[in-house]
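Line by line, the protein sequences give chains X and A.
Residue numbers for the first sequence follow my numbering, beginning at 1 and rising by one.
Residue numbers for the second sequence follow my numbering, beginning at 1001 and rising by one.
There are 2 protein chains.
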Amino acid sequence: MHTPPMHTLTVALGARSYPIHIGRDILDRADLVIPYLRSPKTFVVTNDVVGPLYFERFAAALRRAGVEVAAVTLPDGEAHKDWQTLERIFDALLRQRCERSTPLIALGGGVVGDMSGFAAACYQRGMPFIQVPTTLLAQVDSSVGGKTAINHPLGKNMIGAFHQPRLVLADTAVLATLPARELSAGLAEVIKIGIIRDAEFFAWLEQHIDALRAQDPEALAFAIERSCRNKADIVAADETEQGVRALLNLGHTFGHAIETGLGYGQWLHGEAVAAGTAIAAELARRLGWLDAEDAARIERLLVRAGLPVFSPPLGEARYLALMAHDKKVAAGKLRFVLPRKIGEAVVTEEVAPSDAAAAIAARCR
Amino acid sequence: MHTPPMHTLTVALGARSYPIHIGRDILDRADLVIPYLRSPKTFVVTNDVVGPLYFERFAAALRRAGVEVAAVTLPDGEAHKDWQTLERIFDALLRQRCERSTPLIALGGGVVGDMSGFAAACYQRGMPFIQVPTTLLAQVDSSVGGKTAINHPLGKNMIGAFHQPRLVLADTAVLATLPARELSAGLAEVIKIGIIRDAEFFAWLEQHIDALRAQDPEALAFAIERSCRNKADIVAADETEQGVRALLNLGHTFGHAIETGLGYGQWLHGEAVAAGTAIAAELARRLGWLDAEDAARIERLLVRAGLPVFSPPLGEARYLALMAHDKKVAAGKLRFVLPRKIGEAVVTEEVAPSDAAAAIAARCR
């Protein structure tokens, strides 16, 4: 059998370390999954967009290897990342007699991964979990690091768990079917990585953003691997976000407010992160923490990636109220992630709400 | 200030070790809680039976110490250990602006503790948790060890997490208001401890069962401390039930089938455990693993504790079907905890379903 080239990274978490395999056409590499099965059975969670495209191919490879594949198909989209949909996963797990040693496999984007990862964390107090991300956003960000959650009407990702996967299998070939809007959304998290800790990568992105949007395979493979490598380092250093991991939330405090405020699913998560990153850059520039040239580079790259850099006009007071529910709030104080320059960011509580409101106002239209 | 006598045990889990304080009138010892607060705020979960009796006293002590006390009151009973009630906790946490560092305090019995512990495990991916158990069952068993869960219509405690408390505060004086039926239910877990690993304690229980039912303070204090000490040792040895901790499930596989089969809340958990323990003893005796005299001692002690030793006649097939959803099922095989003698039990997969069915049939009426 011809084995296409594949790169493997490791998230170093001691006994819970796990590999991230990145490569073209590795979706049906059942041999990569088999070592993680204690009995020849798996349970796959997918959605009604990804399922018709890739489920049969993925399942057929496992079945050829003698593995039983139980499954559930969820409705697509952030609007369904809730209790009701989670219950559908639990019902299916119980009705299909999955045991606590049966691995749950997420085949889909960030919503499928977050939600089914949370189901895996809770079903019988924890079952093994495998991520097979099929969107750029999931491949570069959400499938790595063990954050799982569902949304609450009052706050995004409010209910969840840290539950690391045993394995991440990122097939870059499946991105060929990804809509352009979803590809851009994934680029928001890629650009974020450059801003917070990898200036060289940011400069590379400035050179290759058009190639990425045109789905150049080599450019995509490089961007995915570089993003995952950065994220794996951060997660290994701070699994449960006591410190440095919070930097990954650049743009997310503002972004979550956009998603919650508009209603989940109106904007894609990556779009909200992009607009939130633009607010963070605006705020940092106004505070004199980021120079105007770096702020302009950030904005230009986001725009070239096809992403929004202005937020919906919900009103500054509403933004601040939504942000007060953020997980990073401590002792009633908002915490912001702000860029200091391309390649460096800080977490701070030293921002006056009036300054945040002014930056939001300047970045809404 | 007069400080009543108090005993303190430790659950040894490295950095997550925690104390269990046991004593009369320690409910308003706010000084025991204060060290666990990062900011002067707590969130208390109680129910509509315990709340009217003890919430104001508990909260007043904290408030006198300058601590803000947010709270939610749930409906009482196992029938409410579900998604809907869990959602009420999350709604209250968000509306009352609790942060991920705000400790959640469970003031109530096993249902309040299990459910609010699960809420604490999931809210913002994990907040600190404190148990203030007010029933005998919660004081001797469910408040110690970090198992949290809600029920699913198809299986008891199916959705949950391991989330250890930071502190357990067991005030034995509050048992004075506990109905006799609830006291008996708690004794089921006390007797279980004697059967699985403490023959001397079992013999002591045979001597003191009447004193315990009459709420003799010294007898209760001894039984609670001895039970907690045994449980703390087991949990320290096997936090996530990879091995020896499974012994604590004596009577629970059958018992969960009773609770799920009858509908949650028809029988108290401890009652179902007692009837399940009687089935386990019957099965062990039939297999020749337990001698008739020990089986008779177990049954006699359960009866004297005011507990049922016969199960409801759901039909053996229904019992086996319900048990097939048990968390201990592995590779399709049921696992049973069976006593070998007073003070010793084993976990086994070597039981034919027909033997289990015969024991169930002999113990239903």
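We treat Cβ as the ideally placed atom computed from N, Cα and C, and that holds for glycine.
Original post:
What residue ranges within the segment 1286-1343 of chain A form continuous alpha helix (DSSP H) runs of no fewer than 4 residues, ordered along the chain?
Top reply: 1292-1304, 1316-1323
Original post:
If you drop the 5 nearest sequence neighbours on each side, which residues of the same chain put their C-beta closer than 6 Å to that of residue 87 of chain X?
Top reply: none
Original post:
What is the residue span of the beta strand (DSSP E) that residue 81 of chain X lies within?
Top reply: First-last for residue 81 of chain X: undefined, no H or E at that position.
Subject >> Closest residue to residue 80 of chain X among X:115, X:54, X:92 (Cα-Cα distance) >> reply: Comparing Cα positions, the closest option is X:115.
**OP:** Report yes if the C-beta distance between residue 360 of chain X and residue 316 of chain X is below 8 Å; otherwise report no.
**Re:** yes
Subject >> Host alpha helix (DSSP H) of residue 222 of chain X (start-end) >> reply: 217-237 is the extent of the alpha helix (DSSP H) around residue 222 of chain X.
**OP:** Below 8 Å on the Cβ atoms is my guess for residue 307 of chain X versus residue 184 of chain X; work out the distance and round it to an integer in Å.
**Re:** 5 Å
Original post:
Do you know how far the Cα of residue 1309 of chain A is from the Cα of residue 1277 of chain A?
Top reply: 8 Å
Subject >> One or two residues paired with residue 357 of chain X in a DSSP bridge >> reply: The partner list for residue 357 of chain X (beta bridge, DSSP) is empty, contrary to what the question assumes.
Original post:
Would residue 1020 of chain A pass as a contact of residue 1009 of chain A if the rule is Cβ separation under 8 Å?
Top reply: yes
Original post:
Would you say residue 1043 of chain A faces chain X, with C-beta separation under 8 Å as the test?
Top reply: no
Subject >> Closer than 8 Å to chain X by CB, residue 1090 of chain A >> reply: For residue 1090 of chain A, the closest Cβ of chain X is nearer than 8 Å.
Original post:
Is it buried or exposed for residue 1052 of chain A, if we count other Cβ within 10 angstroms and need 16 for buried?
Top reply: In the assembly as shown, residue 1052 of chain A is an exposed residue. Its beta-carbon has fewer than 16 other beta-carbons within 10 Å.
**OP:** Kindly give me the distance between the Cβ atoms of residue 1146 of chain A and residue 1165 of chain A, rounded to whole angstroms, as I take these residues to be in contact under 8 Å.
**Re:** 7 Å
**OP:** Using a cut-off of 7 Å between C-beta atoms, extract the partners of residue 122 of chain X located in chain A.
**Re:** 1159, 1160, 1161
**OP:** Report the three-state DSSP secondary structure of residue 1177 of chain A (helix, strand or coil).
**Re:** helix
Subject >> Cross-strand partners of residue 41 of chain X (DSSP beta bridge) >> reply: DSSP output for residue 41 of chain X lists X:68 as bridge partner(s).
**OP:** With residue 12 of chain X as the anchor, note down where its beta strand (DSSP E) starts and where it stops.
**Re:** From DSSP, residue 12 of chain X is part of no beta strand (DSSP E); its letter is neither H nor E.
Original post:
Mind checking if residue 1231 of chain A is an interface residue toward chain X, Cβ cutoff 8 Å exclusive?
Top reply: no
Subject >> For residue 201 of chain X and residue 35 of chain X, the rounded distance between their alpha carbons >> reply: 34 Å
Subject >> For residue 1343 of chain A and residue 337 of chain X, the rounded distance between their alpha carbons >> reply: Spanning the two alpha carbons is a distance of roughly 57 Å.
**OP:** Drop a sphere of 10 angstroms on the beta-carbon of residue 1294 of chain A, count the other beta-carbons inside from all chains shown, and report buried for 16 or more, exposed for fewer.
**Re:** buried
Original post:
Using a C-beta cutoff of 8 Å, does residue 1066 of chain A count as contacting chain X?
Top reply: False, the Cβ-Cβ gap to chain X never drops below 8 Å.
Original post:
Do we get a CB-CB distance below 8 Å when we pair residue 152 of chain X with the residues of chain A?
Top reply: At least one chain A Cβ lies under 8 Å of residue 152 of chain X.
Original post:
So is residue 1317 of chain A in contact with chain X if we call contact Cβ pairs under 8 Å?
Top reply: no
Original post:
Do residue 167 of chain X and residue 45 of chain X have their CB atoms nearer than 8 Å?
Top reply: no
Original post:
Which term fits residue 198 of chain X, buried or exposed, when burial requires 16 or more other beta carbons within 10 angstroms of its beta carbon?
Top reply: buried
Original post:
Among A:1266, A:1067, A:1252, which one has its Cα closest to the Cα of residue 1281 of chain A?
Top reply: A:1252
Original post:
Taking buried to mean at least 16 other C-beta atoms within 10 Å of its own C-beta, is residue 1223 of chain A buried or exposed?
Top reply: buried
Original post:
Listing by chain order, which chain A residues have their CB less than 8 Å from the CB of residue 325 of chain X?
Top reply: 1094, 1097
Original post:
Does residue 1039 of chain A get closer than 8 Å to chain X when you measure Cβ to Cβ?
Top reply: Using beta-carbon distances, residue 1039 of chain A counts as an interface residue toward chain X, with a partner under 8 Å.
Subject >> Neighbour-count burial assignment, residue 207 of chain X, 16 or more Cβ in a 10 Å radius >> reply: exposed
Subject >> Residues near residue 1187 of chain A in its chain [Cβ-Cβ closer than 6 Å; skip 5 each side] >> reply: Beyond the five residues adjoining it in sequence on each side, residue 1187 of chain A comes within less than 6 Å, by CB distance, of 1305 in the same chain, given in chain order.
**OP:** Identify, in the order they occur along the chain, each residue of the same chain with its Cβ nearer than 7 Å to the Cβ of residue 1001 of chain A, setting aside the five sequence neighbours on each side.
**Re:** Summary for residue 1001 of chain A: the model assigns pLDDT 49, below 50, so the residue's position carries little reliability; its value from the coordinates is reported in the next sentence. Result list for residue 1001 of chain A: empty, nothing under 7 Å.
**OP:** Return the residues of the segment 1100-1130 of chain A that lie within a Cβ-Cβ distance of less than 9 Å from chain X, sorted by chain order.
**Re:** 1100, 1101, 1118, 1119, 1121, 1122, 1123, 1124, 1125, 1126
**OP:** Could you pull out every residue in the same chain whose Cβ sits closer than 8 Å to the Cβ of residue 1107 of chain A, ignoring the five residues on either side in sequence?
**Re:** These residues qualify, in order along the chain: 1044, 1045, 1046, 1050, 1051, 1054, 1055, 1058, 1132, 1134.
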